[in-house]
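A.B. asks:
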Amino acid sequence: METQLDPMKDDLPLMANTSYMLVKHYILDLDVDFKSKVIEGIIVLFFETGSQYRKTSSTGKEGCQSQFDETCKMSASELCHIPVTNVSACSSKTEYNDFAVCGKGEEDTPDKKGNHSNQEQASGISSSKDFCDIENHGNKDFLLVLDCCDLSVLKVEEVDVAAVSGIEKFTRSAKLPHVSKELENLRNRIVHELVTLPADRWKEQLYYFTRCSQAPGCGELLFTTGTWSLEIRKSGIQTPADFPHAIRIWYKTKPEGRSVTWTTDQSGRPCVYTMGSPINNRALFPCQEPPVALSTWQASVRTAAGFVVLMSGENSAEPVQLREGILSWYYYVTMPMPASTFTIAVGCWQEVKQQSFTAAIQTNIEFSVPSSQADFRWHEEICGHVEYPCRFQNPAARLQAVIPYRVFAPCCLMERCEEHLLQLIPQCLSAAYITLGTHPFSRLDVLIVPSNFSSLGMASPHIIFLSQSVLPGGSHLCGTRLCHEIAHAWFGLAIGARDWTEEWLSEGFATFLEDIFWARAQQVRIVSAAFAFSHLASFLVIEKHKLIVIYSEEELQVLRPKKESTGEFSESGASIVKHGLKAEKIFMQVHYLKGYFLLRSLARTIGEASYLASLRKFVHKFHGQLVLSQDFLSMLLEDIPEQKESGLTVESIFQNWLDTSGIPKVNTRYQFPALSGVLHFSLHCITMYGFELQVTKWMQTNQRVRKSGKKKRKQDEAVFQKLLPDQLVLLLESLLEEKTLCPRILQCLEKTYQLREQDAEV
0 METQLDPMKD
10 DLPLMANTSY
20 MLVKHYILDL
30 DVDFKSKVIE
40 GIIVLFFETG
50 SQYRKTSSTG
60 KEGCQSQFDE
70 TCKMSASELC
80 HIPVTNVSAC
90 SSKTEYNDFA
100 VCGKGEEDTP
110 DKKGNHSNQE
120 QASGISSSKD
130 FCDIENHGNK
140 DFLLVLDCCD
150 LSVLKVEEVD
160 VAAVSGIEKF
170 TRSAKLPHVS
180 KELENLRNRI
190 VHELVTLPAD
200 RWKEQLYYFT
210 RCSQAPGCGE
220 LLFTTGTWSL
230 EIRKSGIQTP
240 ADFPHAIRIW
250 YKTKPEGRSV
260 TWTTDQSGRP
270 CVYTMGSPIN
280 NRALFPCQEP
290 PVALSTWQAS
300 VRTAAGFVVL
310 MSGENSAEPV
320 QLREGILSWY
330 YYVTMPMPAS
340 TFTIAVGCWQ
350 EVKQQSFTAA
360 IQTNIEFSVP
370 SSQADFRWHE
380 EICGHVEYPC
390 RFQNPAARLQ
400 AVIPYRVFAP
410 CCLMERCEEH
420 LLQLIPQCLS
430 AAYITLGTHP
440 FSRLDVLIVP
450 SNFSSLGMAS
460 PHIIFLSQSV
470 LPGGSHLCGT
480 RLCHEIAHAW
490 FGLAIGARDW
500 TEEWLSEGFA
510 TFLEDIFWAR
520 AQQVRIVSAA
530 FAFSHLASFL
540 VIEKHKLIVI
550 YSEEELQVLR
560 PKKESTGEFS
570 ESGASIVKHG
580 LKAEKIFMQV
590 HYLKGYFLLR
600 SLARTIGEAS
610 YLASLRKFVH
620 KFHGQLVLSQ
630 DFLSMLLEDI
640 PEQKESGLTV
650 ESIFQNWLDT
660 SGIPKVNTRY
670 QFPALSGVLH
680 FSLHCITMYG
690 FELQVTKWMQ
700 TNQRVRKSGK
710 KKRKQDEAVF
720 QKLLPDQLVL
730 LLESLLEEKT
740 LCPRILQCLE
750 KTYQLREQDA
760 EV
């Protein structure tokens with residue numbers, strides 16, 4: 000029985016029926032129009048039959064291959080120069096009647112709330128018979144359901160991949176029994192052979208994906224759009240196995256679409272970018288959003304000259320002039336990832352160039368070899384993910400401490416980026432490499448996004464967005480935020496959550512690792528010293544967590560809100576993200592903070608060096624895969640059986656940390672330090688830094704000034720030490736606990752610490 004969804008509630012529906020058909024590759028061919036604030040074009044989707052309807056069971060190809068195909072004559076960067084289908088002739092004014100009448104959904108028109116009003120279907124996840132009549136195949140056509148919102152879909156058609164010259168070599172294999180000689184089945188067989196090519200033929204694969212995307216159509220498909228979905232069918236086709244496995248969709252975004260934001264940068268120039276919307280990318284292109292739909296993609300984006308297109312892509316794209324005033328940018332990705340990780344930013348960005356390479360070279364040499372090769376022994380094992388060109392099996396990539404990087408920003412912020420950010424990137428990348436090993440991605444772009452960006456940072460494959468707020472006030476905030484986003488390359492991207500409600504698997508790990516990365520980036524080498532260096536930050540996190548507990552709903556404080564149902568989905572593959580659309584959830588940090596303290600507690604219980612070794616093992620075992628909380632916890636406890644004997648189990652961690660609200664309490668049955676233990680140790684480290692003495696001195700000075708009235712006595716003026724940014728934040732938090740602060744104290748604080756010149760945290 001499928002889950003019923005109330006569209007008026009705050010759960011985010013994932014409508015795609017991934018159990019029946021699974022997207023393996025996307026090709027996007029788009030035009031960006033800043034005048035109309037519309038992105039228009041074509042997307043071609045290549046499918047495999049899903050697990051529910053796969054005609055033959057396949058063991059799959061184990062492992063991954065490290066050698067790239069050097070024999071392929073056409074390089075990946077040349078693929079974008081193949082002429083593409085001109086979609087401009089497809090008029091946006093073309094009218095389509097309703098699906099039930101002639102099979103084409105009429106163009107959407109927004110209502111007052113920005114929703115669709117083209118005879119929308121109910122957006123609930125209904126019974127499986129609405130997706131495909133399982134019991135009576137002769138009665139209903141199969142419906143392909145894609146996640147889609149705020150899009151005008153103009154046309155959907157089947158792609159005749161059999162018409163591509165040279166494609167016949169993909170029909171010679173006899174891997175698929177029971178395949179008839181009919182042309183429709185031949186097309187699906189070609190797509191199957193193409194999407195299952197081995198990793199060392201990735202260039203050839205991208206080449207033929209591109210050629211197939213430009214093949215002629217062989218019949219329009221029937222479609223209709225709803226609030227959250229695009230439903231497609233072909234008359235007379237009752238099973239996913241017989242449904243077209245390559246389809247082309249003409250569509251346009253809407254200016255009010257929630258996946259991208261149209262705005263101006265800090266220099267007043269127009270731009271558009273994906274800002275991390277709660278609805279992800281379904282208002283940018285029709286897709287399958289459930290995490291299980293791991294796919295690769297290629298994208299060609301055309302825009303006016305003067306604009307730069309940055310995107311999730313393995314290549315550093317260079318623009319190609321198509322005609323006067325129009326440039327085309329091409330990116331590709333060969334590592335399968337959820338469609339939600341696709342990111343694009345188009346604007347008049349300027350690249351910030353490195354003036355001196357001395358610091359970067361020195362950093363690369365200094366950190367290029369791990370301190371203990373024994374920690375990286377797992378790279379000899381076969382990877383557990385689906386086959387793709389994996390960097391963990393590439394000897395050169397395993398030794399690359401600093402991957403190639405670029406920095407982009409509006410012209411008015413270039414000087415600030417050069418002053419701090421540019422120098423910090425190689426240090427932070429090297430620190431991450433020393434901690435976790437091989438970088439999962441081959442390159443990195445860092446973009447300072449417009450001021451309307453609602454977060455300090457956001458990580459996507461090959462690109463990081465940073466807020467302008469991290470630039471002022473020295474390197475501390477910029478460095479820690481950069482470390483946090485770099486950590487997502489491993490936790491959140493290379494290793495993803497199988498269920499999006501388990502956000503702590505991404506944000507908790509990144510928050511924990513940012514302290515370790517930042518300490519090592521500042522040359523704090525010893526593991527125990529690096530942990531001690533981060534305890535000051537942990538005290539700040541405690542204060543933030545207390546506020547969240549006080550001012551948020553209890554149900555939003557649970558890290559595993561679906562409990563035993565976590566990771567489960569309906570028969571069709573559709574599911575929901577619990578509280579995914581809740582407005583206040585966007586501003587909460589419970590997954591960051593509570594997840595952070597769970598990991599810190601585990602580290603202290605197990606031992607810091609052993610814990611980091613376990614993290615490296617986890618990365619090598621699960622990169623390229625989706626996980627649940629129990630995957631990490633079970634592996635961790637397997638390495639330390641003595642902790643399991645003392646009462647520390649996966650079930651006890653669920654009970655005390657993941658399945659309950661609030662701050663965990665100390666369980667006396669086993670040595671599992673909760674927040675109070677962390678707090679005690681944090682205060683000890685603060686005393687080591689002489690911070691506690693400074694706080695006391697400020698409080699005593701405030702009391703003395705209050706008692707003395709307005710009289711100013713120079714002989715009573717205290718001498719205060721300079722503080723680290725985290726210490727300064729803690730000092731201000733402590734002084735706010737005072738009943739009254741005298742104006743003279745506020746003036747003295749400003750004079751002593753130059754508060755207006757500090758970073759955004761202060």
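Residues 0 to 761 (numbering that gives the first Met the number 0) make up the sequence shown, in order.
Each residue gets a CB set at the ideal place from its N, CA and C atoms; glycine is no exception.
1. Considering only the beta carbon of each residue, do Y250 and L150 sit closer than 9 Å?
2. Taking C-alpha atoms, which residue in V332, L734, A162 lies nearest to T342?
3. Suppose you measure from the CA of R281 to the CA of S258; what does that come to, to the nearest Å?
4. Please report the straight-line C-alpha distance between Q714 and S651, rounded to a whole angstrom.
5. Quick check on H378: does DSSP put it in helix, strand or coil?
6. Since I believe W296 is in contact with Y25 (beta carbons under 8 Å), could you give me their beta-carbon distance rounded to a whole number of angstroms?
7. Using the C-alpha atoms, what's the distance from Q757 back to C382?
8. Where does the unbroken alpha helix (DSSP H) through T751 begin, and where does it stop?
9. Note down, in chain order, each residue of its chain lying with its Cβ closer than 7 Å to the Cβ of P460, except the 5 sequence neighbours on either side.
10. Mind checking who V31 pairs with in its DSSP beta bridge?
11. Within the stretch 453-538, note down every full beta strand (DSSP E) run reaching 3 residues or more, in order along the chain.
12. Would you mind giving the Cβ-Cβ distance between E219 and K154, rounded to the nearest angstrom? I have them listed as a contact below 8 Å.
13. Am I right that V152 and F222 are in contact with their C-beta atoms under 8 Å? What's the rounded C-beta distance?
14. Pull the bridge partners of W765 from the DSSP assignment, please.
15. Would DSSP call H244 helix, strand or coil?
16. Is there contact between the stretch 394-407 and the stretch 421-440, where contact requires at least three CB pairs shorter than 8 Å?
17. Going by beta carbon distance, what residues of the same chain come within less than 6 Å of D28, once the five residues before and after it are set aside?
18. So, does the stretch 563-582 touch the stretch 14-21, judging by three or more C-beta pairs under 8 Å?
19. Please report the residue range of the alpha helix (DSSP H) in which Y782 lies.
20. At 4 residues or longer, and completely inside the stretch 580-653: list those alpha helix (DSSP H) runs for me, N to C.
21. If I'm right that W499 touches V576 with Cβ under 8 Å, what's the distance once you round it to whole angstroms?
22. Please state if the CB of P285 and the CB of D146 are separated by a distance shorter than 9 Å.
23. Please classify T434: is it buried, with 16 or more other beta-carbons within 10 angstroms of its beta-carbon, or exposed?
24. Whole-angstrom Cβ separation of W503 and K593, contact assumed at under 8 Å?
25. Would you decide whether S50 is buried or exposed? Buried here means 16 or more other CB atoms lie within 10 Å of its CB.
26. Just the C-alpha distance for E552 and W261, rounded to the nearest angstrom, thanks.
27. So the candidates are A488, C411, S466; which of them puts its Cα closest to the Cα of L443?
28. Quick one: what does DSSP say Y95 is sitting in, helix, strand or coil?
29. What's the call for R703, buried or exposed, on a 16-neighbour Cβ count within 10 Å?
30. Are M20 and F242 close, meaning C-beta to C-beta below 9 Å?
31. In three-state DSSP terms, what is E756?
32. Am I right that A509 and A486 are in contact with their C-beta atoms under 8 Å? What's the rounded C-beta distance?
33. Looking at the secondary structure, which residues open and close the beta strand (DSSP E) in which L326 lies?
34. Among the candidates S453, L428, L731, whose CA atom is the shortest distance from the CA of T479?
35. For A316, which residues from the same chain have a beta carbon less than 6 Å from its beta carbon, with the 5 sequence-adjacent residues on both sides left out?
36. Report yes if the C-beta distance between A292 and V22 is below 9 Å; otherwise report no.
C.D. replies: Looking at the coordinates:
1. yes
2. V332
3. 7 Å
4. Per-residue confidence for Q714 stands at a pLDDT of 47, beneath the threshold of 50, marking its modelled position as unreliable; no derived number is given.
5. Its pLDDT being 48, under 50, H378 is placed unreliably by the model, and the measurement read from it follows with that caveat. Helix, per DSSP.
6. 4 Å
7. 45 Å
8. 742-752
9. S311, V332, M336, T340, F440, L492
10. I38
11. 456-459, 462-465, 494-496
12. 7 Å
13. 6 Å
14. One cannot answer for residue 765 here, as it falls past the ends of the chain, which runs 0 to 761.
15. coil
16. yes
17. G40, I41, V83, S299
18. yes
19. Absent from the structure is residue 782, since the part of the chain shown begins at 0 and ends at 761.
20. 589-605, 607-621, 628-637, 640-644, 649-652
21. 5 Å
22. yes
23. buried
24. 7 Å
25. exposed
26. 33 Å
27. A488
28. Because Y95 sits at a pLDDT of 30, beneath the cut-off of 50, its placement in the model cannot be relied upon, and the following sentence gives the value as read from the coordinates. Residue state, collapsed to three classes: coil.
29. exposed
30. yes
31. helix
32. 4 Å
33. 325-336
34. L428
35. W328, Y329, Y330
36. yes
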